[in-house]
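Some notes on the structure that comes next.
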Amino acid sequence: MSDAERPTDDHVPGAKDDEFEPIQVFPEAEEMDLRPGADNCYKCSTCDTNCPVAAVDDEFPGPKFQGPEQWRLKRQDDHDIDDSVMKCSNCMRCDSACPSEVPLSQMHNTARAEYVEENMSKLSREYWRNRMLANYRRLAPLAATFPRTANFVTGLSITKWLGEKVMGITSEREFPEFATETFREWWTKRGGAQVESDEKRIAYFHGCYANYNTPEVAKALVRVYEHFGYEVMVPEQSCSGTPMFANGMLDDARRAAETNVEELAAALEDGADIIASCSSCSMSIRQEYPELFDFEHTEDVAANTWDAVEYLRVHEDLEGELEGTSLDGQSFAYHAPCHSRNQGLDGQTIDVLSAIDGIDAHDVGDSCSGISGTYGWKAENYETSMKIGEEMFEHMEDAPAETGLTECPTCSMQMGHGTGYEITHTLEVLEAALLGTELGTAGSGTGDGDADAVDGGRREAK
Amino acid sequence: MAIEDDVLVIGGGLAGSMAALAAADAIDDARVRLVTYKQSTLRHASGLIDVLGYTPDGEGPLVDPFDALADLPDGHPYERVGSEAVREGLAFFDEIAGDAYAGAHTDANALVPTHGGTVKPTARYPASTAAGLASDDRDALLVGFKTLPDFEAPLAAEHLAAAGAPFSARGVTISFPGIVRDDAKVTRYAHLLDQDESVATSAGETGAREALARTVGAHLEGEPRVGFPAVLGDEHAAEVRAALSAALGADVFEIPMGPPSLPGVRLEDLLYAALEDAGVRVTSGVPVVEYEAGDTAGADPADEAVAADGGSDADRIDHVVVDRHGAEIPHRAEQYILATGGLVGKGVRSERERVFEPIFDCHVPHAADRYDWFVDDAFGEQPYARFGLEPDRELRPLDADGDPEFANLRAAGAVLGGYDFAAEKSGAGVSIATGYVAGRRAAEEAGAGR
Amino acid sequence: MANDTEVLVLGGGSTGCGIARDLAMRGLEVTLVERGNLTDGTTGRMHGLLHSGGRYAVSDQASATECIEENEILRDIAGHCVELTGGLFVQRPEDSDDYFREKLEGCRDCGIPARVLSGREAREVEPYLANDVKRAIEVPDGAVDPFRLCVANALDAENHGARIETHAEVVDLLRDGDDIYGVEVRHESGPGNRTHKAAGTTEEITADYVVNATGAWAGQIGAMADLEVEVRPSKGVMTIMNVRQVDTVINRCRPKGDADIIVPHETTAILGTTDEEVSDPDDYPEEGWEVDQMIDTLTELVPILEEARTIRSFWGVRPLYEPPGTGTQDPTDITRDFFLLDHADRDGVSGMSSIVGGKFTTYRAMAEEISDHVCEKLGVRASCATADEPLPGSERIETLEAGMDDFGLRSPVARRSKQRLGSRASEVLDTDEANPVVCQCEGVTRAEVCDAIDQSGSDLNAVRIRTRASMGNCQGGFCCQNMANELHPAYDEETVRAALDELYQERWKGERHALWGEQLSQAMLNYALHATTMNRDRDPANEDEGDGLEYDNFDGGRPTAETRADGGARLRGETGGEDSSRGRGDR
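Protein chains in written order, with this note's numbering: chain A, 1 to 462; chain B, 463 to 912; chain C, 913 to 1499.
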């Protein structure tokens, strides 16, 4: 038998049969028994060295404790999850750190859901604040209907003060601005897809932020994909669930995920692959859905979801197409979001942009931005969030660039908040290079360069 | 379409990094990619660069590791690459590490105190350990922290005396100013010092560095050097040490610790910065799950030349498949290097009935009965510690018949077998030497094929 | 001549410690000697099942009845050692319906509460049961920690004035004609708590009466005085899984057979067992196929076991006994009942009785019967109180369960610590000192380790059985060293080193039987940590010629005399470049 015919091993890391499959008699993920996941842990603490929260706050005992240790010490009837689980920011860096395939973030998500269910008062301010932050998408349509009013109101100091005092939302941050025209409104007005193709078709999962706040990113995606001859579909969709997982609101996440899986599975039926422009959205659909839910087609949807740039690299000669394009004098301080890192995409942006003449992109290192979605919005986490971000801010300032670049909306807010830089999205850069449009900035959260807020934030962190 | 490179390195630990760096160094504009799944075992390791501390027969500690290389048994990775390559590899590492490592001024091993209290021989040591050598005869104060149960300084001091260290050591245990929880992670200690965070002390708020120096200073009795467990900063480690040193009026050093190891983290950071500088493309967080073999050397005359040169008609790997959360991405290269680690790094895996290499299913020699995988003394000659691939002198893994598994696959580091790095204290040295050789040869061969 | 003690108990297992406690509570002067640690024999090598009696409900109803009675007593007096897990007798499709019915009826006959669950209901209780299990009988089986239970008995005996000597091996029975009047023991390191490296001594201990409670070793003790005790040691293997796949005791509902039980034990699950006669309780083969059989057979009940991580295996030796002339071939058919052999009646040699047979769950009842016998021999009139008086740690157990104080510990660590310490929790854990976790797998803090050291001296295996430190998935790889650190400064460095080596080797011994997959990787990591990082395998301090190591020949780190003069400046100069490396940062 030649080597070519020899069966390759079926125990490769991450292969299906390596995973334990709990029997699905439980209806709720928060009751999932993940103790067998502790079997893979050999206590090396590599996960702990990657935890941005444990490095700045010793109240958080790190992912090893939160994950395999806490689970292993647990018995079926124990429900007293340690409250420190709420300090986890759900950056999921521990997942890609673990040399031994412990399902860390799944353990954290499940424990957090159990904590919220069993230990957090449903009448508490914390619960309702978290629920509100987690369900940003439910509030966003309202704001988007009256974006100018909303932007005015959220910018008022009285609103911020009330936010902090009443809801525990930090007043240090600027609320993101709402676009005057959402992406979906633009899409409808535009008349939908302008390229039709039976061969090349994608379903775009834009998520909440690109729809309500940074439609330029979504538009860039459409134009870039149409440039490559793809028919773009924009299916109905709900929030990806990322903020809900992070807040232990698994029921809310389940409802959202069910809608998404159903809609995206239908798109797969139509011959489309699923593309996301937000790294947390793609992370959620690819990893968290199959770990936490078992709707029909969940696995299919997960396996056919791609990051927008990754897809083009694999299915098109993206770098070839970019050869010869140029964007003169553009330098970027690039931050790879933790959720990109988790998908093995952290090197991708620098790789791809190096094909464009005149671009100078600097990776600002592998630290976490510290905001982690809704985490850094909570008054009690603000300081921790800025401490975590310190390393990234330092590196951004050291890098010879005045514009930030990333693929995650909340990282983008934090980058802008910490440095006052304009922040743009990789798709916007590709659009500018391929289509010759002017390079925009998707919004930094402090798009107008609110220097006071920036400095205030930095001082707080020191 | 496949992602294309000249040399593809699988595995991002010391061996994989060295292989990628050596490949990038060997040929101008070589496209070198390093694919790494989870984080490497560098974070488990002390950060010391051992070359050879003891012979396979247990003779040692060796004063000169290079002296002993010539006598290593057939099949030992050092024997495979030859002693000259060991020196070249180490010199290449020295160049990359620059000031961050010391020990290159001599062929002699240094004796370094371990957190277990004894000493061990090593060839290179981080700058943070330079002032702490046990083969340096200055007296030392060792400092432990009440909340770090891994290191008991007074006990370590007594142990050093029992090991015959040529200086007097004294240990004290103190509370680390600014640490509020007993289970704070070592990264928390490091971060406090890195950022010189403000901490409350009995004398009011001060920077963490000053607070620590003041607490330790009270115990100092004129010792010219002070040793701490390895938690003295991460990003700004040298600055932290300098500040403590200035405040204490004594040299400050770190005692290497077990996992999680900050010196290991710093070494990893250093290597990844070098990879970026060298233009190596790094894809991390994703596993290589399978491979596709191509035709044996066919129409391409260059390929034939290689095959003839290698004296084998082994298959070639056409491409490997990387799994990104279910999306299977082909990666194609001329040459491949397997540096996925040993049993700990999971480059070698086992089941009740067998030991195997999971990506290419390369031959791993082992006894059929798992009760022959070990001996009864925990520190005896453990067969399992020698599990790994058997390479030829080109570092190509061999099959059970002694022929190369593939014409264009080399292996480096702990995935290789035939040596017990733990007993010999040779782990880092083997990774560096084999990584260096595999990387260079792969790049040269890929270059010839272009 | 007055004897050293009234009663001398040989053997520090559950029976011996139970007898010592019982007699001490009755006001007798008691000394107990044990050759190793408490529980070193069979007690520490069992699966930890607290029988409901269900297992014997068909074959041996007398034992079954006794089990359920003692089961209920132990729940009261040893709450901190017992976990009320409940148990299931699970029937697979291929298992006999008749036997299932007999089992159910047997339980009812013996007063064992029993309820039938459908396959689906059984899987709701235990989700990892196989899809096709047919049905199950639910019984009040439980799990018990034999180490804690045994130690608590010894502790209480000491509280009542008994002397407990571990590491004191009986080397001779003192016999004067037809009377046995004591023993000669060899102390491994002098009487009292063990101190490693302390010189050994021998001691003669005389007694009014000697109780041979050495179980499987009873024959060897008897032989020292030319008495024949026909104990038939029978080995059984047990395999420890890294996590609890089940929280209920799972029994296979079929007549008899190997590998038919899974007991959730603390953080682990224990698979058992086999039954095979051996000639020497200290020397018998331990083989891989026995471990394989546990996993492969029990996988039929709980499929996830096939791929689950095993952390070690161990063998225990049952002290089976049958009266001369019974002639049973298969050890599984030998009765589990116990026998009190009064050597005066049997052999005409006074002063000693031997106890053989029996089972852990009924240790207290056995101890009571033997103590009655001893009292009768000594003419003492005192009644047994062991069924009513809680063991140390189990007083006011209900108030403890309700207690909210976590002693500043993370909640699962606090929960497990309080469970282990029972009502001693606040005495041990309430401290102003830093109290970091020493063993992370099992959540054992410094305060608990130090408490155990106070009890047992420099013997870290004794600390281990009291606290569970080093019994988790790393099998001591990460915590042996930390445990040893806690011995200092009460014990000197050489003692600490010896204690650490002994614990490490003991951990390795059991781990050898789990050397594949995750645990082999763990073993390699442990080996690398101890040999590479710490150089414990070639520690110059252990070499006789340690002083001969020429440090001068090695790199002293100071290349020139000039830099020698100013250490601080040199250090800063040397490391100037280091800060610029910042990960995957600048190009």
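Idealized CB from N, CA, C, for every residue including glycine.
Reducing DSSP to helix, strand and coil, say where residue i ends up.
{"i": "B/E856", "result": "coil"}
{"i": "C/S1030", "result": "strand"}
{"i": "B/E766", "result": "The predicted model places B/E766 with a pLDDT of 43, which falls under 50 and marks its position as unreliable, so this point remains unresolved."}
{"i": "A/T295", "result": "Looking at the sequence provided, one finds Phe at residue 295 of chain A rather than Thr. Here A/F295 sits in coil by DSSP."}
{"i": "A/C408", "result": "coil"}
{"i": "B/L878", "result": "strand"}
{"i": "C/L1264", "result": "Inspection of the sequence shows that residue 1264 of chain C is occupied by Met rather than by Leu. C/M1264 falls in the strand class under three-state DSSP."}
{"i": "C/C1351", "result": "strand"}
{"i": "C/A1473", "result": "Residue placement at C/A1473 is flagged as unreliable, the pLDDT there being 38, under the threshold of 50; a coordinate-derived value is accordingly withheld."}
{"i": "C/E1096", "result": "strand"}
{"i": "A/G191", "result": "coil"}
{"i": "A/M415", "result": "helix"}
{"i": "C/T1444", "result": "helix"}
According to DSSP, which residues form a beta bridge with residue i?
{"i": "A/S279", "result": "BP columns for A/S279 are empty, so no partner."}
{"i": "B/K582", "result": "B/V574"}
{"i": "C/W1227", "result": "C/V1149"}
{"i": "A/S326", "result": "A/D357"}
{"i": "C/D1195", "result": "C/D1192"}
{"i": "A/S331", "result": "A/D360"}
Between residue i and the rest of its own chain, which residues show a CB-CB distance below 6 Å, the 5 nearest in sequence each way excluded?
{"i": "A/S279", "result": "P337, H339, S340, E407 and C408"}
{"i": "A/R129", "result": "M167 and G168"}
{"i": "A/P147", "result": "F178 and T180"}
{"i": "B/S893", "result": "L476, A477 and G875"}
{"i": "C/W1227", "result": "K1147, V1149 and E1198"}
Residues in its own chain within less than 7 Å of residue i by CB, not counting five upstream and five downstream?
{"i": "B/A482", "result": "V471, V494, L496, L737, V742 and G901"}
{"i": "B/T580", "result": "H621 and A625"}
{"i": "B/A464", "result": "H781, P792, H793 and R794"}
{"i": "C/L1210", "result": "A1171, I1174, L1183 and L1217"}
{"i": "C/G939", "result": "A1294"}
Along chain B, in chain order, which residues have C-beta atoms closer than 9 Å to that of residue i?
{"i": "A/E390", "result": "Q657"}
For residue i, which residues in chain C fall below 8 Å Cβ to Cβ?
{"i": "A/N342", "result": "Within 8 Å Cβ-Cβ: nothing; A/N342 doesn't reach chain C, min ~15 Å."}
{"i": "A/F65", "result": "R1322 and Q1352"}
{"i": "A/A38", "result": "N1154, V1155 and N1385"}
{"i": "A/R72", "result": "N1154, V1155, T1179, C1353, G1384 and N1385"}
{"i": "B/Y798", "result": "Within 8 Å Cβ-Cβ: nothing; B/Y798 doesn't reach chain C, min ~23 Å."}
Strictly below 8 Å CB to CB, what residues from chain A border residue i?
{"i": "C/F1059", "result": "Here the premise fails: no neighbours, minimum Cβ distance about 18 Å."}
{"i": "C/E1345", "result": "Residues of chain A passing the Cβ test: none, with the nearest at roughly 17 Å."}
{"i": "C/D1159", "result": "R75, Q76 and D77"}
I want to verify the contact list: residues of chain A whose CB lies under 7 Å from the CB of residue i, in sequence order.
{"i": "C/P1103", "result": "Result: empty, since nearest Cβ-Cβ is about 38 Å, beyond 7 Å."}
List, in order along the chain, the chain B residues whose C-beta lies closer than 8 Å to that of residue i?
{"i": "A/A401", "result": "Result: empty, since nearest Cβ-Cβ is about 16 Å, beyond 8 Å."}
{"i": "A/G347", "result": "R743, V744, T745 and S746"}
Closer than 8 Å by C-beta to residue i: which residues in its own chain qualify, once you throw out the five before and the five after it? Chain order, please.
{"i": "B/A847", "result": "D882, F883, A884 and A885"}
List the whole-angstrom C-beta distance separating residue i from residue j, where the pair is believed to meet the contact cut-off of C-beta under 8 Å.
{"i": "C/D1187", "j": "C/T1244", "result": "5 Å"}
{"i": "A/R190", "j": "A/M233", "result": "With a Cβ gap of about 14 Å, A/R190 and A/M233 do not count as contacting."}
What in chain C is Cβ-close to residue i, meaning under 7 Å?
{"i": "B/P611", "result": "P1348, V1350, R1358, N1394 and N1397"}
Quiz item: Taking Cβ-Cβ distances below 7 Å as the criterion, which residues of the region 1438–1460 of chain C are in contact with chain F?
Solution: Although the question refers to chain F, the structure presented lacks it and instead comprises the protein chains A, B and C.
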